[in-house]
Amino acid sequence: MSKRKVLVIDDEYTLLRLVQMLLSRKGYEVTVALSSPDGRNMLAKNGPVDVIVLDLMMPKESGFAFLEWKDAQPEEIKRIPVIIDTAKNIKDEELAFLQPRCAQIVMKEMNFTENLTAQIDALFKDKPETPAPAL
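Basically our numbering = 1-based index in the sequence shown + 62.
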């Protein structure tokens with residue numbers, strides 16, 4: 063069986079590495095990107111992943127812009143579930159934009175990493191792993 067693939071897009075380097083370490087220890091194959099453009103490049107280079115963890119507030123391009131880009135992509139990219147990780151106080155109109163595009167929103171606060179890993183685990187709880195490709 064192949065490992066579940068997670069792409070984490072966040073401009074906070076320390077948090078990015080912490081999430082990468084925690085998810086790797088839980089058996090996930092984790093790729094990280096420090097910006098939305100880097101995340102798009104990782105998807106183009108490595109192909110689809112099983113879930114994207116996305117920060118909303120980043121300097122080069124917001125997570126909202128990444129989601130708009132994702133909406134315009136082929137189905138194999140559009141169907142990837144997204145978990146938002148943010149410290150942003152989300153407004154009603156932003157929530158209306160996010161809800162149909164995201165599986166979960168996890169606030170960056172106390173116990174953030176535990177909440178995030180629990181949400182990722184829950185996303186795959188009843189879904190079988192995909193078999194590893196034959197060589």
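Just so it is clear, CB atoms sit at the ideal spot from N, CA and C, and this is done for glycine as well.
Please read all numbers here as calculations on a predicted model, not as lab measurements.
query	result
Hey, could you find the ends of the beta strand (DSSP E) L69 is sitting in?	K67 to I71
Do V115 and V70 count as a contact pair if the criterion is CB distance below 8 Å?	yes
Between which two residues does the beta strand (DSSP E) carrying V168 extend?	Q166 to M169
Where does the unbroken alpha helix (DSSP H) through A158 begin, and where does it stop?	D154 to L160
Looking at the structure shown, is D183 part of a helix, part of a strand, or coil, going by DSSP?	helix
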